[in-house]
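>
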Amino acid sequence: MSRTAEDVGRTRPTRVPPHNLEAEESVLGSMMLSAESIASVVEILKKEDFYRSAHQRIYEAILNIYARGEPVDAITAVEELKRHQALVEVGGPLYVYNLVESVPSPASAAYYARIVSDHALLRRLIEAASQIMATAYAVPEDPRQAADYAEGLVYAVSRQEEKDQWVAIRELVDESMAALEHVQQRDSAFAGVPTGFVDLDNLLSGLQKGNLIVLAARPGVGKSSLATNIARNVAVDARAPVVMFSLEMSRFEIGMRLLCGEARVPWDRVRGGRMAAEDWTRIVEAAEALHDAPLYIVDSGNVTIVDIRAKARRLRSRKEGLGLIIVDYLQLMSGHTRFENRQQEIAEISRSLKLLAKELEVPVIAVSQLNRDPERRQDKRPQLSDLRESGAIEQDSDIVMFIHREDSDDPSVKGRADLIVAKHRNGPTDSIPVTFLPHLTMFRNFARGA
């Protein structure tokens, strides 16, 4: 005989949610035995995916140690838990040591993590169903709106598995080309990685392995545009793999900027469906030039240093010779643990990015905001003291570079920008002129005498 909804409602609280404690224990044990296991597990699991609260605390402790770039094992995990007064809560040191002893095979960490993830997905689905049932039993005034709410809950559960993954440039190009077709149918000479900006590369000898390069400016000056330009130049011209973590722009925006900049076709003309035949020809040629470039995008808005470390490390192991990591931008990142104030959090993020550059032996560009001090001065050129929220950014960085554009109608400076290298740990500082093309949201080498 079929059960009624009332029967389901009465029996639901007594049922145990899906979980697999053995898989959870094997995940944690593997992470304390192998740094490679940590990198693979972080790609799959969040803290909340563990069923036991004790396992959540142990997982958090492991990630705290990992984020600091320190070795992770049972002893350091016990010390971290003890430091946060959580060791007794998780079952004491013996429980942590037993996790390591009971691991069948650390090499299977990703497999164990997927088991945990699958059960967590089922629990989220049950929670969504519970909310849907509660909404329906409340007899809402607008059932169609309730149905839309229910659809959103289920969609959010299904999408959670897809978020925070990198996207290859070929997928961005395909998406962007599909969108543009829709619009159209409507009526190293250097030791380091070359940025593509000749004078800057001559000054820096390219971007050096292990360096943290801070690229800073006030809003609207072109930080993201310059970072995207450099990503394109490194991936397309130097053919070196680049991973860009975009916390502000979506992958669609980045794809469109890359296509329109490569084709030299203004985005507003594309968006308005006012492209001429030659514009479309250039767009198609640009798509071909970009399609197989080793450029990877992560457009999650809540990425942490642990996520960046794990994704970059795994990409480096798959694509030999990772050339560059870009984070856009630093102030939108969140720390892995709680801090007393935002300055401490930014300081920890800045230090972690420097450690990441050293660990992976690649240059890391961290885009950063400036405070409002330049606006209050007569001389509005940025200074190191203008870096927003933390002096630690200056301390951790090997290079600090500002973008400055004069607010003037003078034809001699219109379209010109300066890249001010204000700090260069291993070399000279200088101000490099470049050309800014606002209609293409891109920078180019400065044409002297033009």
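Just add 1142 to wherever you are in the sequence shown, counting from 1, and you've got the working numbering. Backbone N, C-alpha and C fix where the C-beta goes; we use that ideal spot for every residue, glycine too. All of these numbers come straight from a predicted model, not from anything done at the bench.
1. From the DSSP secondary-structure annotation, give me the bridge partner or partners of residue 1562.
2. Given 8 Å as the limit, is there contact between the stretch 1391-1398 and the stretch 1562-1581, that is, 3 or more CB pairs closer than that?
3. To test your reading of the DSSP string, which unbroken alpha helix (DSSP H) runs of 4 or more residues are found completely within the stretch 1361-1445?
4. Hey, could you find the ends of the beta strand (DSSP E) residue 1509 is sitting in?
5. Taking just the CA atoms, how far does residue 1528 sit from residue 1596?
6. For a test of the three-state rule: what should DSSP assign to residue 1148, helix, strand or coil?
7. Residues in its own chain within less than 7 Å of residue 1215 by CB, not counting five upstream and five downstream?
8. May I ask you to list the residues that DSSP assigns as paired with residue 1584?
9. Thinking C-alpha only, which one of 1510, 1447 and 1340 is nearest residue 1499?
10. Beta carbon of residue 1441, beta carbon of residue 1366: below 7 Å?
11. Just curious, the beta strand (DSSP E) that residue 1470 is in, first and last residue?
12. Can you give me the start and stop residues for the alpha helix (DSSP H) that residue 1184 sits inside?
13. What first and last residue would you give for the alpha helix (DSSP H) that runs through residue 1209?
14. Mind checking which residues open and close the beta strand (DSSP E) that includes residue 1358?
15. CB-CB under 6 Å to residue 1180, same chain, minus the five flanking residues each way: which ones, in chain order?
16. Could you please give the first and the last residue of the uninterrupted alpha helix (DSSP H) stretch that includes residue 1261?
17. By DSSP's criteria, residue 1309 is part of a beta bridge. Which residues make up the other side?
18. Kindly give me the distance between the Cβ atoms of residue 1534 and residue 1489, rounded to whole angstroms, as I take these residues to be in contact under 8 Å.
19. For residue 1344, report the span of its alpha helix (DSSP H) as first-last.
20. Which residues in the same chain as residue 1585 place their Cβ atom closer than 8 Å to its Cβ, once the five residues preceding and following it in sequence are excluded?
21. Consider the Cβ of residue 1202: report whether some Cβ of chain C lies at a distance smaller than 7 Å.
22. From 1311, 1443 and 1348, pick the residue whose C-alpha is nearest to that of residue 1392; which is it?
23. Give me whichever residues DSSP pairs with residue 1214 in a beta bridge.
24. Express the C-alpha separation of residue 1267 and residue 1523 in angstroms, rounding to a whole number.
25. For residue 1487, does the count of other Cβ atoms within 10 angstroms reach 16, so buried, or fall short, so exposed?
26. Taking the C-alpha atoms as reference points, what is the distance between residue 1457 and residue 1243?
27. I'd like the span of the alpha helix (DSSP H) that includes residue 1235, first residue to last.
28. Quick check on the burial criterion: 16 or more other C-beta atoms within 10 angstroms. Buried or exposed for residue 1258?
29. Please go through the same chain and pick out, in chain order, the residues whose beta-carbon is closer than 7 Å to the beta-carbon of residue 1390, but skip the five residues on each side of it.
30. Between residue 1454 and residue 1385, how many whole angstroms is the CB-CB distance? I'm expecting something under 8 Å.
31. Measure the beta-carbon distance from residue 1495 to residue 1506 and round it to whole angstroms, keeping in mind my assumption that it falls under 8 Å.
32. For the putative contact between residue 1135 and residue 1493, defined by C-beta atoms under 8 Å, what is the C-beta separation to the nearest angstrom?
33. Should residue 1148 be labelled buried (16 or more other beta-carbon atoms within 10 Å of its own) or exposed?
34. Considering only C-alpha positions, which residue in the set 1419, 1264 and 1260 is nearest to residue 1323?
35. DSSP puts residue 1335 in a beta bridge; with which residues?
36. What are the start and end residues of the alpha helix (DSSP H) that includes residue 1496?
On the basis of the supplied data:
1. Under DSSP, residue 1562 shares a beta bridge with 1544 and 1573.
2. The stretch 1562-1581 and the stretch 1391-1398 do not touch, with fewer than three beta-carbon pairs separated by less than 8 Å.
3. The qualifying runs are 1365-1374, 1393-1405, 1409-1413 and 1419-1432.
4. Looking at the DSSP string, the run of the beta strand (DSSP E) that includes residue 1509 is 1506-1511.
5. Residue 1596 lies beyond the stretch modelled for the chain, which goes from 1143 to 1592, so this question has no answer here.
6. Note on residue 1148: pLDDT 47, under 50, position unreliable in the model; no value is reported.
7. Excluding sequence neighbours, residue 1215 sits near 1174.
8. The partner list for residue 1584 (beta bridge, DSSP) reads 1579.
9. For residue 1499, the closest alpha carbon among the candidates 1510, 1447 and 1340 is that of 1447.
10. No, Cβ-Cβ distance for residue 1441 and residue 1366 is not below 7 Å.
11. Taken as a continuous stretch (DSSP letters only), the beta strand (DSSP E) holding residue 1470 covers 1466-1470.
12. Segment 1177-1184, the alpha helix (DSSP H) holding residue 1184.
13. Membership of residue 1209 in the alpha helix (DSSP H) is indicated by the continuous run 1195-1209.
14. Taken as a continuous stretch (DSSP letters only), the beta strand (DSSP E) holding residue 1358 covers 1354-1359.
15. Excluding positions up to five away in sequence, the list reads 1173 and 1208.
16. Where residue 1261 is concerned, the enclosing alpha helix (DSSP H) stretches over 1251-1279.
17. BP columns for residue 1309 point to 1439.
18. Going by Cβ atoms, the distance from residue 1534 to residue 1489 rounds to 4 Å, so yes, they are a contact pair.
19. Counting along the chain, the alpha helix (DSSP H) containing residue 1344 begins and ends at 1340-1346.
20. Around residue 1585: 1339, 1364, 1367, 1368, 1371, 1559, 1576, 1577, 1578 and 1579.
21. Absent from the structure is chain C; it holds one protein chain and no more.
22. Taking only the C-alpha atoms, the option nearest residue 1392 is 1443.
23. Residue 1214 is not bridged to any residue.
24. Roughly 53 Å between the two C-alpha positions.
25. With 16 or more other Cβ atoms within 10 Å, it is buried.
26. Going from the Cα of residue 1457 to the Cα of residue 1243 covers about 30 Å.
27. Residue 1235 -> alpha helix (DSSP H) spans 1234-1243.
28. It counts as buried.
29. Taken in chain order, the residues that qualify are 1366, 1470, 1471 and 1474.
30. Yes, residue 1454 and residue 1385 are in contact; Cβ-Cβ is about 6 Å, under 8 Å.
31. About 5 Å; that satisfies the 8 Å criterion.
32. Because the chain spans 1143 through 1592 in this model, residue 1135 falls outside it and cannot be assessed.
33. Reliability of the predicted coordinates at residue 1148 is poor, the pLDDT of 47 falling under 50, and no value is obtained from them.
34. Just measuring C-alpha positions, the residue of 1419, 1264 and 1260 sitting nearest residue 1323 is 1419.
35. Beta-bridge analysis with DSSP links residue 1335 to 1349.
36. 1484-1502 is the span of the alpha helix (DSSP H), which, as asked, contains residue 1496.
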